[in-house]
Every structure is written in structure tokens, then in C-alpha cells.
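In the UniProt record's numbering, the protein residues as written are 1 to 360.
Notes follow once the structure below has been shown.
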């Protein structure tokens, strides 16, 4: 069984040979990793089972300057979402940017129509991706397409959180227009990624705080759920067995049954500080797999090596019982996490990850 087969068995809740793992590093850790190992590609260095298929860069540069004429000081595209015209101001702490929203002053739906959205579905950006995907699969890797910030987050990045949230009540037609525009782009992207043949389509929106959802579940069900369902359906019409991964930070327990209903296979990140991974495994483990579960507010920054080992062992034995777990920190590993704890995490997986070594 190669790495891809093992990972897919885990996510399909078929008992794998060992529990797969993964993590992402923040820029500061990548810089340190490069100094230590001579490469920035930590995924390749650790030979992670999942590799990402990314669109080719855009050849068309949109001019968004008119949306920022009232902004003082230097601004730049967001590091993590540079194509949609959302700008940021560089802060003094770590890698974070203060976000500035290009649609913050929009008053009409016509302004949405006039906005220069990126050419995500231009044919040239998809050339060669199927061949790249097929090559990775032949090498034994699972492939994934990142399409998180699927609807809600991208909409409020463009509009602004307060304006977008108020819009559900004071200007629902504007919100619908913006959500439909984004959804149409995402539907076509999902279809194309399925045609490429990726194993996993990564969707997601942070719709929750660590206490509860940012909106009522009923509002989510009437606005975001049907649009998300259309995106999933578009992918499944092309590739029936594509795995649908959904990322949602915070406590989204009240909509987990809805996510299952519309076809989500894998839930991420399952923050243990606000969502009990053992509880959701018990409630939904026959219908849903889990990617994450190791706290980046608790275990990773502050845990001892022994504590990291204990947390990982318990998760593997209980949440990973019979499959259904890809163990990972629940967020990008931030600067305050000692790299020794990252190494301890990997050592714990090596120690306890094989199913023959734990009671399952």
C-alpha cells in the first residue's frame, strides 16, 4: 500500500496501515526550516502523502487602484489571497496584514458586475494540471486542490465583515448578488478540478467563533448551505468519488449534520479547545472523517514532549479507531511553537501511528 492508498483509506474510513499526518508552517518557520535544511519545501522533505495542485499564475493583471484612493500609506495584496483585489497593510508582528476591502464603499449591485474579478477559469491557467496530477498519483501521492475561503470568507474579504454581515438583513439582494458571483466562479473551478482528477477538493469557510457560529444556523442554511451544495454537486457530477474536505475553524457543531447532508467527507480542523474530537467521532464517525485534532493554542505551543506523545496516542487510538483520522495541528504552526514540538509531533506519529501497535 503506497502513501496515497493509505491516506485515501483513512479518509474513507477504511482501516489504513498507519495514521497519516500533515502540517503547515508559517513564513517564520519556513525561513528557519530553509536555514536548517537548505530547502523551503518542507512537504517534500518530510514526504507528506498529500500534494497540492495549483493553478498557473494569471497573465492578466487587474488594476484595483481606484478602490483604494482614500487609503493612506503603503498597501499590498494579501499574502494568502492575492488575486481578488483585497489589499492589506503590513503589520509589525509575524506575517499578519490589516485587511482593506475593495467593495467597502459599494452601494449598488451594478458595482459588483463592474468589478474586475480574477480569471480563475481561463483555460491557460489549467493547462498541464491533469498531467501533473496524474504524475503525482503514479508516484504514490494523493492530490488535493485548495479552494478554501470558498464563499463566506471571500465575500467578506471583498465587502468587509461588518458590511457583509449587516447586508444579510439590510441589503440581502446585494449579498445574494455577491455570493452568486463567487459561487458561479467556484462551481466552474470545482468542475475543472474534478476533471483534472484530484483526490480531494478542499472547501471551507470560517463561519464560527470558538464559542458558537457567527450567524444563526438557520441563516447559514438559507444562504450559504445551498450554494456550497451546488459546488460539491458540480465536482461530484464529474468525479463521483472525489473526497470533499471542509475547513471551518471554531465551533461549528450545530451545522455538522448539514455538512454531511450536502456531501462533506472530511472535517477540518476539529479544534480541541472548542470542539471535542472524541465526541464528534462518537456522533459522526460513521459518516465523517477528521483532519486535524491537535491543538495549536494548547498542545503545540505549550505542551511538553510527553504531553504531545500522550495527546497523539489518545487521538490515534480513539478518533483513529477503524480509520477516519488524518492527524495534524489544527492551524498553521505559528512562530511561538518551538520547532522541537513539531519534531515531537512527528516522533509521536512514528511511535504510535501504525495500527498494529495500538488497540483498534
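Built from N, CA and C at the ideal position, the CB exists for glycine as well.
Pair within 8 Å by beta-carbon distance, residue i and residue j
i	j	result
residue 299	residue 250	no
residue 265	residue 244	yes
residue 112	residue 224	no
residue 256	residue 280	yes
residue 142	residue 201	no
residue 121	residue 192	yes
residue 319	residue 278	yes
residue 64	residue 85	yes
residue 13	residue 322	yes
residue 178	residue 155	yes
residue 253	residue 270	no
residue 316	residue 344	no
residue 28	residue 335	yes
residue 30	residue 43	no
residue 25	residue 332	yes
residue 198	residue 242	yes
Length of the line joining the Cα atoms of residue i and residue j
i	j	result
residue 66	residue 293	43 Å
residue 135	residue 3	14 Å
residue 328	residue 342	10 Å
residue 240	residue 73	49 Å
residue 110	residue 103	12 Å
residue 140	residue 8	11 Å
residue 58	residue 117	12 Å
residue 88	residue 76	5 Å
residue 32	residue 222	45 Å
residue 69	residue 97	19 Å
residue 168	residue 212	18 Å
residue 22	residue 326	7 Å
residue 349	residue 310	11 Å
residue 174	residue 137	42 Å
residue 107	residue 127	38 Å
residue 346	residue 79	28 Å
residue 283	residue 295	20 Å
Same chain, Cβ closer than 6 Å to residue i, neighbours up to 5 away in sequence not counted
i	result
residue 247	148, 204, 268
residue 354	18
residue 361	The question about residue 361 has no answer, for the chain in this structure spans 1 to 360.
residue 55	125
residue 313	352
residue 287	260
Assigned exposure category for residue i - 16 Cβ within 10 Å defines buried
i	result
residue 189	buried
residue 38	exposed
residue 60	exposed
residue 163	buried
residue 183	buried
residue 105	exposed
residue 36	exposed
residue 272	buried
residue 91	exposed
residue 216	exposed
residue 306	exposed
residue 153	buried
residue 45	exposed
residue 339	exposed
Neighbourhood of residue i by C-beta, 7 Å cutoff - its chain only, sequence neighbours within 5 removed
i	result
residue 214	207, 208
residue 237	none
residue 71	100
residue 262	225, 228, 229, 232
residue 34	40
Cβ neighbours of residue i in the same chain (closer than 8 Å, five flanking residues each side left out)
i	result
residue 6	16, 17, 18, 20, 49
residue 187	230, 231, 234
residue 195	130, 238, 239
residue 185	117, 120, 121
residue 133	53, 143, 196, 197, 198
Residue i CB to nearest heavy atom of the ligand FAD below 7 Å
i	result
residue 229	What this structure holds is no ligand at all, so the ligand FAD is not there to describe.
Residues bridged to residue i [DSSP beta-bridge criterion]
i	result
residue 247	204, 268
residue 98	89
residue 327	21, 292
residue 354	18
residue 213	208
residue 4	Partner(s): none; residue 4 has no beta bridge.
residue 116	Partner(s): none; residue 116 has no beta bridge.
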